[in-house]
Amino acid sequence: MVETIIGIDLGTTNSEVAVIENGKASIIPDQGCRILPSFVGVGDDGTVLVGEPARNQYKLYPDRTVKSIKRRMGEDVKVMLGGMPFTPQEISAIILKKLKEIAERHLDRTLRKAVITVPAYFSDAQRQATKEAGEIAGVDVIKIINEPTAAALAYESGQPGSRRILVYDLGGGTFDVSVVEMEEGVIEVRAGHGNNRLGGDDFDQKIVEHVLQCLREEHGIDGDLPARAMARIDRAAEAAKRVLSDHPFAKIEEEYLLERDGVPFHLAIEISRDEYEGMIAPFIEETLEAVHTALSGAGLVASQIEEILLVGGATRTPLVARRLQEEFGLVPRQEIDPDLCVAAGAAIQAGMIAGQEVSAVLVDITPYTFGTSAFDELDGLPSPHCYVPVIKKNTPIPVTKSEVFYTMFDDQETVIIQVFQGEERDARKNIKIGEFKVSGLSKAPAGNPIIARFELDRNGILQVTAVEKKTGLAGKITIDNAVSKFGTEEMAAARERVGALFGAGRAEPPPGHAHGTGAAVRHEFTKARALAEKAERMLEGASDEDREELVNLIEEINDAIARNDAAALSDPVEQLSEIIFYLES
Ligand code: ADP
Ligand code: MG
1 MVETIIGIDL GTTNSEVAVI ENGKASIIPD QGCRILPSFV GVGDDGTVLV
51 GEPARNQYKL YPDRTVKSIK RRMGEDVKVM LGGMPFTPQE ISAIILKKLK
101 EIAERHLDRT LRKAVITVPA YFSDAQRQAT KEAGEIAGVD VIKIINEPTA
151 AALAYESGQP GSRRILVYDL GGGTFDVSVV EMEEGVIEVR AGHGNNRLGG
201 DDFDQKIVEH VLQCLREEHG IDGDLPARAM ARIDRAAEAA KRVLSDHPFA
251 KIEEEYLLER DGVPFHLAIE ISRDEYEGMI APFIEETLEA VHTALSGAGL
301 VASQIEEILL VGGATRTPLV ARRLQEEFGL VPRQEIDPDL CVAAGAAIQA
351 GMIAGQEVSA VLVDITPYTF GTSAFDELDG LPSPHCYVPV IKKNTPIPVT
401 KSEVFYTMFD DQETVIIQVF QGEERDARKN IKIGEFKVSG LSKAPAGNPI
451 IARFELDRNG ILQVTAVEKK TGLAGKITID NAVSKFGTEE MAAARERVGA
501 LFGAGRAEPP PGHAHGTGAA VRHEFTKARA LAEKAERMLE GASDEDREEL
551 VNLIEEINDA IARNDAAALS DPVEQLSEII FYLES
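All the letters of the sequence shown, read from the start, carry residue numbers 1 to 585 under the numbering used here.
Encoded structure:
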C-alpha cells in the first residue's frame, strides 16, 4: 500500500487539508466543516484554540488571539499570544498540527507527509519558514508548491495539451494574480502580481461602515460601540456579503444589539447588491490593474489568455467574474469550490508523488444556463425579450440564485415570468421551459421590485419562484428534468456547431493537434465527464440490462477522455444522455 501524503492549503484567512480518496481529491471535513479559519488563540482556561473558536474570540480578546500569521512567515519576529512570545513558524505549526489531526482522525491512521502550498511570490526565506512550521508540527513537508499551480492542477489534472491560464485568487486579506503556462502536464508560473492587503475582509469592512453610518444617521447612535456589539456587526456584515453573492438583497438583523438609555436597540437594515457593488467596485478595479500588470510581466495581452480560474472565497462575489468577463471576453471558470481548490490541487500533487492513480476533481454542474426575460436593450433597441441569465452554466449544483426585476407600469397587477434555458441574448432564441403568472400585486408605482428565485437541485429539478418584495405575494413553477430534458437535442446542436468548426462532415480533428486546444472542445470533455459521473451514480438503481449498457457507455467515454479524443465522445455521450433521460423520467 502506498503511503498517504496529505495536501495542505495553509491560507492567510482559512486553511484546508485534502487527500486522494478513490482516485479523487477530497477535502477532509472537521465536524462537517471543510474550512479551518487560520486563527490560533488561548481560551479562558489556558487551552489552545485553533480555527472557529479562536476566530470567534478574536474581536473580544485580541491579545489572546493571532490571525493572519502567514503574513509574518519568514520574518525574524515574535508575536505575543496570551503573554508568551511565539515565532510565526510556531503559530503556523499549531494550525498544521490541527490539520494533520483532522486528517488522521478521518483516515484513522498516523500521517507524516504533506505537500503544502504557498503564494507564488513567497521568497526562499518564507518557503523555508513554511517547511520549519511543518517540522515543528511533526509533518515532513516533502514538497512546497505554488498556490496557482495547485489551482491549475485541480482544474486540469491528467489533461494533456498546452494552454495559458490566468489564476485570479482573491482571499480574505490577500489578492494574487498569476499567469500560468501549462505544457504537457508541466505547470509554470510565468508572472504574478497582487496586493497583500486586499481581500474579502475589506468588503466586510465596507458593509460595517455602511451599518455604522446608518446607526449614526438614522438612529443617532454614535461613538464607540461595545466590543461585543462590534463583533456582532462584523459577523453580520460577512454573512450579508455571502448572501449578496447569490441574491439581490440581504438583511442585517441583530436583536438586542445594544442598550440605549435602558431600552434595547434592535438592528434591522437591508442592503441591496447594487449598493454593495458600488462600495466594492474600486477594490475590484484595483485587482484588474494588477491583472494587467501581471499580463505585461508575462509579455502577454488579454486575448492570449485561454482560461481564467477563480480561486479564493471572495471570488464568489459576482462582480468579480462579471468584470473579468468584460475585460477578457472569457467566462471565468469557478466550478470547483474556490476556497477548496488550492487544497485539492495540493492533494493531487501529493497523490502524484505517492504514485497514486489520480483523476480530475469532479463536481456536479449544470451544463445549461437558466434565466428569464426582462425589458432592456436588445441590439440597441428597447425590447421585452432581453434574456437575463440567473443560474449560469457550469455552476455547481445544487444552487439557488435570485435576481430582482421591476414592474413597468403604475398599478401593475400581474407579472408573467417566463423561464428559459440557453445562452442567447434574445430570449426568444432560447428554449422556453416554463411560464407562470403572479396576479394581485399591490397598487404601486412602476418599479415595484419582484424577486425571481431559481433553485436547481441535483436531480435537475428547477423551481422558479417570483415574490413581490413588498408583500411576499408569490407564484411558482416546478420544472422537472430541467437539465436533461433537452440534453439530446442540445447535444446534437452542439455537435453540429463543433463539427462546423472543423468543416463539413464528422468532427474529425486534424492529425496530431487541435483537440486539447479550443475551450469548446475542453468543455465537451468536462461535460462528458460529468455525465459519466452522473451515470455512475445511477448504476445502483438500474436494472441489469440498463446497468450493462450504462457501464459500457461510461467506459467508452472514459476511454475517449483518456485518449483525449473529442470525436469519439459524441456518440456515447448522446446515447448516455438518452438513457439517463429515460431513467429519470
Ligand atoms: P485565504 O486563501 O486568504 O485564506 P479564502 O480563500 O478562504 O482565504 O477566502 C476567504 C474570504 O472569502 C473571506 O473574506 C470570506 O468572507 C470570503 N467568502 C467566502 N464565501 C463567500 C461568498 N459566498 N461570497 C463572498 N465572499 C465569500
Ligand atoms: Mg487562499
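No residue lacks a Cβ here, since even glycine has one placed at the ideal position from N, Cα and C.
Alpha-carbon spacing of residue 132 relative to residue 94, whole angstroms: If you draw a straight line from the Cα of residue 132 to the Cα of residue 94, it comes to about 12 Å.
Stretch pair the stretch 171-188 + the stretch 102-111: three plus CB contacts closer than 8 Å: No contact exists between the stretch 171-188 and the stretch 102-111.
Proximity test, residue 238 beta-carbon vs the ligand ADP heavy atom, cut-off 7 Å: At least one heavy atom of the ligand ADP is nearer than 7 Å to the Cβ of residue 238, so yes.
Residue 506 to residue 151 span [Cα, whole Å]: Its pLDDT being 35, under 50, residue 506 is placed unreliably by the model, and the measurement read from it follows with that caveat. Using only the alpha carbons, I get a separation of about 35 Å.
Enclosing beta strand (DSSP E) for residue 265 [first to last residue]: From DSSP, the beta strand (DSSP E) with residue 265 extends over 263-272.
Exposed unless 16 or more other CB atoms sit within 10 angstroms - verdict on residue 427: Buried: at least 16 other Cβ atoms inside 10 Å.
Touch test, the stretch 77-86 against the stretch 117-131, Cβ-Cβ under 8 Å, three pairs minimum: No: fewer than three Cβ pairs fall under 8 Å.
Meets three-Cβ-pair contact criterion under 8 Å: the stretch 338-351 and the stretch 311-325: With a cut-off of 8 Å on Cβ pairs, the stretch 338-351 is in contact with the stretch 311-325, counting three or more such pairs.
CB contact flag (residue 418, residue 429, <8 Å): Cβ atoms of residue 418 and residue 429: not closer than 8 Å.
The beta strand (DSSP E) enclosing residue 237, as first and last residue numbers: Looking at the DSSP string, residue 237 is not in any beta strand (DSSP E); the run it does join, the alpha helix (DSSP H), is 227-246.
Cα-Cα separation between residue 317 and residue 404, rounded to whole angstroms: Distance between the alpha carbons of residue 317 and residue 404 is about 17 Å.
Backbone CA spacing between residue 184 and residue 156 [nearest angstrom]: Taking the straight line joining both Cα atoms gives about 11 Å.
8 Å Cβ cutoff, residue 436 in contact with chain B: Judged by its chain identifiers, the structure shown contains no chain B, having just a single protein chain.
From 115, 372, 528 and 262, residue whose alpha carbon lies closest to that of residue 454: Among 115, 372, 528 and 262, the Cα nearest to that of residue 454 is on 372.
C-alpha gap between residue 6 and residue 187, whole angstroms: Distance between the alpha carbons of residue 6 and residue 187 is about 20 Å.
Backbone secondary structure at residue 65 - three-state DSSP: In the structure shown, residue 65 sits in a strand (DSSP, three-state: E or B).
Element boundaries [beta strand (DSSP E), containing residue 79]: It spans 79-81 - the beta strand (DSSP E) in which residue 79 sits, taken as one unbroken run.
At least 3 beta-carbon pairs within less than 8 Å: the stretch 344-353 vs the stretch 11-27: In short, these stretches touch, since the Cβ pair count reaches three.
Residues that DSSP places opposite residue 37 in a beta bridge: Beta-bridge partners assigned by DSSP to residue 37: 14.
Beta carbon of residue 231 nearer than 8 Å to that of residue 59: Contact flag set, yes.
Cross-strand partners of residue 386 (DSSP beta bridge): The partner list for residue 386 (beta bridge, DSSP) reads 374 and 426.
Separation of residue 576 from residue 250, as counted between CA atoms: When rounded, the distance between both Cα atoms is 41 Å.
Among 32, 580, 539 and 393, nearest to residue 524 - alpha-carbon criterion: Relative to residue 524, the option among 32, 580, 539 and 393 whose CA is nearest is 393.
Cβ pair count under 8 Å reaching 3, the stretch 36-44 against the stretch 56-71: Contact holds: three or more Cβ-Cβ distances are below 8 Å.
Environment of residue 589 [buried if 16+ CB atoms lie within 10 Å]: Only positions 1 to 585 of the chain appear in this structure, which leaves residue 589 out of reach.
7 Å Cβ shell around residue 568 - same chain, five flanking residues per side excluded: 560, listed in sequence order.
Residue 400: CB within 7 Å of a non-hydrogen atom of the ligand ADP: With a cut-off of 7 Å, the C-beta of residue 400 is classified as distant from the ligand ADP, since no heavy atom of the ligand falls inside that distance.
Where residue 474 falls: helix, strand or coil (DSSP): The answer is strand: DSSP assigns residue 474 an E or B state.
DSSP bridge partner residues for residue 463 (one or two, in chain order): Bridge partners of residue 463: 455 and 478.
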